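Here the structure is laid out as structure tokens; the discussion comes afterwards.
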Amino acid sequence: MIQKRDDLIILRNKKNWSQKDVTDLLNIRFSVSITESYYGMIEQGSRIPSLNVAMAIAKLFKVSPDSLFNKKSKS
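Okay, structure coming up:
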């Protein structure tokens with residue numbers, strides 16, 4: 114089941130960052146190289162990031178990885 118990660122989108126928008134800004138910062142700060150397209154798929158919930166990528170994204174936004182990627186879907 115696809116689960117859109119609204120919290121991730123909200124965090125990015127609060128910083129006025131584009132998806133490209135996020136991917137550039139991940140590469141510069143954490144040596145994590147992903148495409149804008151892949152990052153967009155992570156935000157939309159159609160891709161699950163590797164642990165390394167999830168940790169870098171969480172560190173970039175100063176939140177726990179669980180708060181972004183371990184949400185239980187509402188039934």
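Its first residue numbered 114, the sequence shown is counted upward by one per residue in the working numbering. Idealized CB from N, CA, C, for every residue including glycine. Computed from a prediction, not measured in an experiment: that's the story for all the values here.
Once the 5 residues before and after W130 are set aside, which same chain residues still bring their CB inside 8 Å of it? Taking the first residue of the sequence shown as 1, we reach residue 130 at position 17. If we look at W130 and ignore the five residues flanking it on each side, its Cβ neighbours are L138.
Cα-Cα separation between L164 and G153, rounded to whole angstroms: Within the sequence shown, residue 164 is the residue found at index 51, counting from 1. Within the sequence shown, residue 153 is the residue found at index 40, counting from 1. Looking at the two C-alpha atoms, the distance is approximately 17 Å.
Who are the near neighbours of Q132 in its chain, counting only those whose CB is closer than 6 Å to its CB and skipping five residues on each side? Walking along the sequence shown from the start, residue 132 turns up at place 19. Excluding positions up to five away in sequence, the list reads E149, Y152, G153.
Could you give the distance in angstroms between the alpha-carbon of F182 and the alpha-carbon of S144? If you number the sequence shown from 1, residue 182 lands on position 69. If you number the sequence shown from 1, residue 144 lands on position 31. Roughly 20 Å between the two C-alpha positions.
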